[in-house]
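Asks: Input: one structure, supplied below.
Chains as they are written, first to last, in this note's numbering: chain A, 917 to 1686; chain B, 917 to 1686.
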């Protein structure tokens, strides 16, 4: 009955365009119209159900907005012009026999050959070519042909979701430019240039031959579907990058290095971004659909980045990854166990957008990086050492000590993360004053709700540096991560607390990222901050206060005149070691320092666990002199309590006996896990089998249980996961696999071993395939 | 077992504060500790379950953030100091016998007496008094007493969720200031001043007597709970308003007028904001809890406003109201049928935060207004006539006509709402440059997703006027609602379309709100816009372009030199009427205008429904002369098709025969519904019964079915709803009710009649109670 009504309404079409008002009159010629036929007529009838949702359909009260690239509505195969009743159209003077999107040639020119995808992948504002084959030679003077490109389920010429490119007799204005490049026999080569601001995603192609009776279209053909992506090569694109070295690193590099550890003991792990892997591009578009991002916003890199940061985490919107810092990852994969993003994104897509378990900051950042590079936005993962997690946004990180100098776990609600990873994207910000274009912070780790959803950014790095915090998005939060002061409080036995020390330099100590075209890191701290104590730094703080950051009203603190600092070397997990407390007396008086050194196990988020050490020391200090205290730490004391990434936090609470002045400092020590070895036998050559051997020995006196070993190599081998029930003390495991390199050049093998008692055991091996 | 572990851990307390690390050792003295007793000891044991969640409890990996004012964690009745094992404490030298929050006196001083609530309701930065009764006279030299105020389930002194005000011997710093005002016998009068930026919501009160052994607290007593709200009377508060007239209107007025209709036929309806009605304050706080707004953000009016705008609609977050523009409201209450907010907010609270069906813009705005005024934020509802709903944010509203000049419903994806209501709030914006403080736009009608959630604002009205669109939140969207150009396209039968006319003055025609202390409206258009075509207006558009609004690239349009304008008088629904098309020839040439006038039924959102009229007219125009055409409209033509608020849209498509130049205009006509009469018999006096009679006659020749009649009178009568199965043609209904005024002064009765065939039949009656 719906069909009858529909066909009836089609008959009553009076607008030139199909008329969507459903007519309840009885159908006049049902038998003719509904009879299955093999003619064009049948095709016309069969296309009606989608035609029901075609934009010319009925609307009541409100016009909906299209939020999916997967849903589609396609035009009818034959669209009659005014006054023409829906009979089979007269023979068309020209018929389309085939359309070839020339994927291989185009993709080379568009820098998209690396995508493991057989479709055309074009970049904005760059011409791609397509070949249309007709049943006779095409005349640009006589024939009138329109190439139509559609996206989504309510294509509209005024909204950039329906582009009509005319070739032939009749010219028309269009967002996408088209031209005839050449004709050869019955074939016409057409060049099409998507506009520089066009929506990114998967488009459908139709070719329509226009006659006086109407438009005769090609049928829906998935082979002519294609993708349009951002274009960092084009100055008109929002994500333009001028240097090729930068584009090669921040867009094209499939493997990256993510830094962790602590600021004076930097460690790292390789990460497979794998943005060109098979299925990853479709998974990224699916993420946008799952997040109901309106198609109309998908031409703006700002929007894609902001929505992407919300959609990488599962909070609010069933995004890609579930954050978990609890230590219990038994129902999923431990955050430390992953080696790259493709495994995660493909799992999310395959399981119908069910969030993947589990992630912590580097997994979030790594996966978002893949999403961004895949869609064509230059992006990198950065690490901020000593990143404040300020629950109130008042630029104060409050650490409460008890009377003995230990961290009072219950009263300390803020934490300083040993390190925190986020992303930077490179783009123009047309919504802001020009100087705030360039690198932007974006952070998809669910820390606090930004404006109601768990996400953060994009926010201009240079605006952060200048303290100009009014501009969107979330500048204040990022500024706090980098510039909070650490306020040490001491609470007495009556529950009264007082501020004993303020450290303005502890937070945002060092910000680094992988250097372009190098395996070293680049220190980008100066992008974010002027030197501590400089005039510019002072101006930044003043500007931040004018932009609503609370004035820092310190209680007057008497100057100790004594500096203390904790120092440690690289320490292997399971070793006994010594910490050094360096003490510098900058006064002309002798004095005595009494210090309490407490050691506790700490998560990388700065949240403390068991206190395993508490020791009192004192030192006589000569005027203008430096001295040091050594603190012995035994493995037996800390080993039973280690959590996650094996971090120890040492806090010193000191008191100058003569003056009663208090001072404090803290230091995180990241213990180095045992080594994982990766080897290959022989010289890697294209097409030749190569054996990979990953091996590990348990150096501890306890059994490692449920050990997961992961191996992957972008362009070499998809992720392999091997599980060992246990590895006994002193026992070894060895995993071997055979790979057959398909292309020459530099490749990376990444391996990771993970179990509840031992995390973050990773390694990578670079090989040159000949 | 949990309890055992817990008690064991309590025994092992070593921090001065309760120690949260759960100990797995066997419990040492289970029999003693778990034996039920009637002493303080029992109370101590009984309070343990909440103590488990007390902030001193264990944390792993991440620290959670408190998002509920309903959840509570309370301190133990006795909190021992260091080294004291948990035995019954020694007799306290001072005991608290009672705490009186002096609600009636305080509420008068705090301008909160109007709230129908028996608790203390304080405003920020203003002192309230409380009386503490001890078992003996209090000595401020000897005794040490702390008054504690807590909110939420993880109270923390450093986060503003746990305030300790010391009275007596020991002084301590605290966000809230306290002082002893006087002592009389065993009673002490204490003055407490919440800080100007403090969290708003419901607080709990404890009084603790501090001895060397520990703190002895009063038990949890809901009678000492109180509210803290924003304070527009205090210059230090973010929402300070200097003029009392303004505060009386925008904060204290419980009844408002919401304007609708069209810009040259302004109609209105009264709305019961009812912000002081019983239960409304708790419902508003519940909305924040349901929306999981972190307590830490609830001191910021900016956050409360922004989150409030998201939480009034059900999209994303199960907020208060479900938007529905479909015309089918059978499973709920039609948007047009409501008469005020309390019914809605109380229903939402009573039904456990299930969104209430249904709302359109004025219902959203009216309810948000209640929420804001109730929490202490000055707010008003404004109406923007001809409000663009620009789906792309490109400042173009595209209206596509077919060849005959009718609106092509399918191809027209934008709409201009006849009117759109939003709110303004008055506040400082510490996050923005100072000049952008003052009135801010906030809009909770779910139009587009702002930044992922359905909400909009706050955005500075003066920033909008200046085109400074970079600042948060959603300035661009609001700017488009006010400044879009209407672009008339015409599409030919081949589906080709061209721009025929651009109207830069149609949108954002008039912006009004109820005037303070008056029943008239105030034209506030100049707050939002400089005069069309002025130098300032030009500068605004330039600034907007520098802030990322796309440059308006009009195709060159030849000037017609002829102006056309549609004119209509006030028209009663069901009447035949005449439209006038005024034509002004501003050239020195005679010419002929051919005009097609189409009439269609339209929703207030500008979305068109059935076309019921299409007429061609032409006129000879003399040089420099004005002429007019009359268009007859018959009731029989439009009556069968009317939707919702009975709006008709007339579009004129004209062509100058001699030059071929096209021109276009449109005009909405809102038909006036039949009258609803409200009467009272006799003079209204306090305590005397008064009869209210609401009557209505169906003037049409069709039956009105399922008619809902609503009556309410703030401070007089809670909402009454009466349903009539049908009202036959010519038939009348009369509803009577008896009210007994409780207080003298000006009161308003509001009535509304609503059914599917007839909406927006409202009236109000002002009465003076003596």
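Note that the Cβ used here is the ideal one computed from N, Cα and C, for glycine as well.
1. Can you tell me which of 1563/A, 1044/A, 1582/A, 994/A puts its alpha carbon nearest to the alpha carbon of residue 1570/A?
2. Over what stretch of residues does the alpha helix (DSSP H) that includes residue 1286/A continue unbroken?
3. Closer than 8 Å is the cut-off here; do at least three beta carbon pairs connect the region 1320-1328 of chain B with the region 1192-1210 of chain B?
4. On the DSSP bridge assignment, give the partners of residue 1569/B in chain order.
5. When you compare the region 1119-1128 of chain A with the region 1149-1162 of chain A, are there three or more beta-carbon pairs, one atom per stretch, that lie closer than 8 Å?
6. Going by alpha carbons, who is nearest to residue 993/B out of 1125/B, 1623/B, 1058/B, 1598/B?
7. Between residue 1251/B and chain A, is the shortest Cβ-Cβ distance under 7 Å, so that the two count as touching?
8. Could you name the residues of the same chain whose beta carbon sits closer than 6 Å to that of residue 1545/B, not counting the 5 residues immediately before and after it, in chain order?
9. Which of helix, strand or coil does DSSP assign to residue 1200/A?
10. Does the region 1290-1299 of chain B touch the region 1264-1274 of chain B, meaning 3 or more C-beta pairs lie closer than 8 Å?
11. Give the residues from the region 1388-1413 of chain B that approach chain A closer than 9 Å (Cβ to any Cβ), ordered along the chain.
12. For residue 929/A, count the other beta carbons within 10 Å of its own beta carbon; 16 or more makes it buried, fewer makes it exposed. Which is it?
13. List the residues of chain A that residue 1464/B touches, going by C-beta distances under 7 Å, in chain order.
14. Given a threshold of 16 other Cβ atoms within 10 Å of its Cβ, counted over all protein chains shown, does residue 991/A qualify as buried or as exposed?
15. So the candidates are 1576/A, 1082/A, 1035/A; which of them puts its Cα closest to the Cα of residue 1137/A?
16. Quick one: what's residue 1520/A bridged to in DSSP?
17. Examine chain A for any beta-carbon lying closer than 7 Å to the beta-carbon of residue 1569/B, and answer yes or no.
18. So, under 8 Å CB-CB, residue 1645/A and residue 1617/A are touching, yes? Tell me the CB distance rounded to an integer number of Å.
19. Could you tell me the alpha carbon to alpha carbon distance between residue 1067/B and residue 1091/B, rounded to whole angstroms?
20. Starting from residue 1253/B, trace the alpha helix (DSSP H) in both directions and tell me its first and last residue.
21. Closest Cβ-Cβ distance between residue 1065/B and chain A: below 7 Å?
22. Count the CB pairs spanning the region 1591-1603 of chain B and the region 1523-1533 of chain B that are closer than 8 Å, and state whether there are at least three.
23. What would DSSP say about residue 1639/B, mapped onto helix, strand or coil?
24. Applying a beta-carbon distance threshold of less than 9 Å, which residues of chain A neighbour residue 1072/B?
25. From 1070/A, 1305/A, 1045/A, pick the residue whose C-alpha is nearest to that of residue 1104/A; which is it?
26. Can you tell me where the beta strand (DSSP E) with residue 1304/B in it begins and where it stops?
27. Is any beta-carbon of chain A found at less than 7 Å from that of residue 890/B?
28. Between residue 1163/B and chain A, is there a C-beta pair that is closer than 7 Å?
29. What does a CB cutoff of less than 6 Å around residue 1254/B pick up in its chain, not counting 5 residues either side in sequence?
30. Which term fits residue 1684/B, buried or exposed, when burial requires 16 or more other beta carbons within 10 angstroms of its beta carbon?
31. Could you tell me whether the region 1443-1463 of chain B touches the region 1417-1427 of chain B, where touching means 3 or more Cβ pairs closer than 8 Å?
32. Indicate whether residue 1689/B and residue 1375/B have their beta-carbon atoms separated by less than 7 Å.
33. For a cutoff of 7 Å on Cβ pairs, would you count residue 1386/A as touching chain B?
34. Only counting the same chain, and skipping five residues up and downstream in sequence, which positions put a Cβ closer than 6 Å to that of residue 1182/B?
35. Taking the beta carbon of residue 1343/B as the centre, do at least 16 other beta carbons fall within 10 Å, making it buried, or is it exposed?
36. Mind checking which residues open and close the beta strand (DSSP E) that includes residue 1164/B?
Replies: Here's the rundown:
1. Taking the first chain and counting its residues from 1, one reaches residue 1570/A at position 654. Closest by C-alpha distance to residue 1570/A, out of 1563/A, 1044/A, 1582/A, 994/A, is 1582/A.
2. Within the first chain, numbered from 1, the residue matching residue 1286/A stands at position 370. For residue 1286/A, the enclosing alpha helix (DSSP H) begins and ends at 1277-1291.
3. The region 1320-1328 of chain B and the region 1192-1210 of chain B do not touch, with fewer than 3 CB-CB distances between them shorter than 8 Å.
4. Counted from its first residue, the second chain places residue 1569/B at position 653. Under DSSP, residue 1569/B shares a beta bridge with 1512/B, 1580/B.
5. With the cut-off at 8 Å, the region 1119-1128 of chain A and the region 1149-1162 of chain A do not touch.
6. Counting from 1 along the second chain, the entry for residue 993/B is found at position 77. 1125/B is the residue among 1125/B, 1623/B, 1058/B, 1598/B whose C-alpha sits nearest the C-alpha of residue 993/B.
7. Sequence index remark: in the second chain, residue 1251/B carries index 335 (1-based). Output row for residue 1251/B: interface = no.
8. As a working note, residue 1545/B is residue 629 in the second chain. 1497, 1533, 1535.
9. Along the first chain, read from residue 1 onward, the residue named residue 1200/A stands at position 284. Three-state DSSP puts residue 1200/A in a helix.
10. Taking a cut-off of 8 Å on C-beta distances, the region 1264-1274 of chain B does not touch the region 1290-1299 of chain B, as fewer than three cross pairs fall below it.
11. Correct list: 1388, 1389, 1392, 1403, 1405, 1407, 1408, 1409, 1410, 1411, 1412, 1413.
12. Here the question's residue 929/A lines up with position 13 in the first chain. Per-residue confidence for residue 929/A stands at a pLDDT of 31, beneath the threshold of 50, marking its modelled position as unreliable; no derived number is given.
13. Mapped onto the second chain, residue 1464/B falls at position 548. Neighbours of residue 1464/B on chain A, chain order: 1346, 1347.
14. Walking along the first chain from the start, residue 991/A turns up at place 75. With 16 or more other CB atoms across the displayed protein chains lying within 10 angstroms of its CB, residue 991/A is buried.
15. In the first chain, the residue the question calls residue 1137/A occupies position 221. The residue from 1576/A, 1082/A, 1035/A with its alpha-carbon nearest to that of residue 1137/A is 1035/A.
16. For this step, residue 1520/A is matched to residue 604 along the first chain. Paired residue(s): none; residue 1520/A is not in a bridge.
17. Start at 1 with the first residue of the second chain, and residue 1569/B comes out as number 653. So no, residue 1569/B is outside the interface.
18. Stepping through the first chain from its first residue, residue 1645/A is reached at position 729. Stepping through the first chain from its first residue, residue 1617/A is reached at position 701. In this structure, residue 1645/A and residue 1617/A form a Cβ contact; the two beta carbons are roughly 5 Å apart against a cut-off of 8 Å.
19. Here residue 1067/B refers to the residue found at position 151 when the second chain is read from its first residue. Here residue 1091/B refers to the residue found at position 175 when the second chain is read from its first residue. The alpha-carbon atoms of residue 1067/B and residue 1091/B are separated by roughly 14 Å.
20. Here residue 1253/B is taken as the residue at index 337 of the second chain, counted from 1. First-last for residue 1253/B: undefined, no H or E at that position.
21. Taking the second chain and counting its residues from 1, one reaches residue 1065/B at position 149. In terms of beta-carbon proximity, residue 1065/B stays away from the interface with chain A, with every pair separated by 7 Å or more.
22. Proximity of the region 1591-1603 of chain B to the region 1523-1533 of chain B falls short of the contact definition, fewer than three beta-carbon pairs being nearer than 8 Å.
23. Residue numbering aside, residue 1639/B sits at position 723 when the second chain is read from its first letter. Residue state, collapsed to three classes: strand.
24. To locate residue 1072/B, count along the second chain from 1; it is residue 156. 1307, 1314, 1327, 1329, listed in chain order.
25. As a working note, residue 1104/A is residue 188 in the first chain. For residue 1104/A, the nearest C-alpha among the options comes from 1045/A.
26. Within the second chain, the letter at position 388 stands for residue 1304/B. According to the DSSP assignment, residue 1304/B belongs to the beta strand (DSSP E) that extends over 1295-1305.
27. With chain B covering 917 to 1686 only, the question about residue 890/B has no answer from this structure.
28. Position 247 of the second chain holds residue 1163/B. Look at residue 1163/B: its C-beta is not under 7 Å from any C-beta on chain A.
29. To locate residue 1254/B, count along the second chain from 1; it is residue 338. For residue 1254/B, where only same-chain residues beyond five positions count, the Cβ hits under 6 Å are 1279.
30. Here residue 1684/B refers to the residue found at position 768 of the second chain. With fewer than 16 other CB atoms across the displayed protein chains lying within 10 angstroms of its CB, residue 1684/B is exposed.
31. Segments in contact, yes.
32. Nothing in the structure corresponds to residue 1689/B, since chain B is present only between 917 and 1686.
33. The residue labelled residue 1386/A in the question sits at position 470 within the first chain. It does; some Cβ of chain B falls within 7 Å.
34. Residue 1182/B sits at position 266 when you count from the first residue of the second chain. Cβ within range, chain order: 1175.
35. To locate residue 1343/B, count along the second chain from 1; it is residue 427. Buried is the call here.
36. Stepping through the second chain from its first residue, residue 1164/B is reached at position 248. Counting along the chain, no beta strand (DSSP E) covers residue 1164/B, and no H or E run does either.
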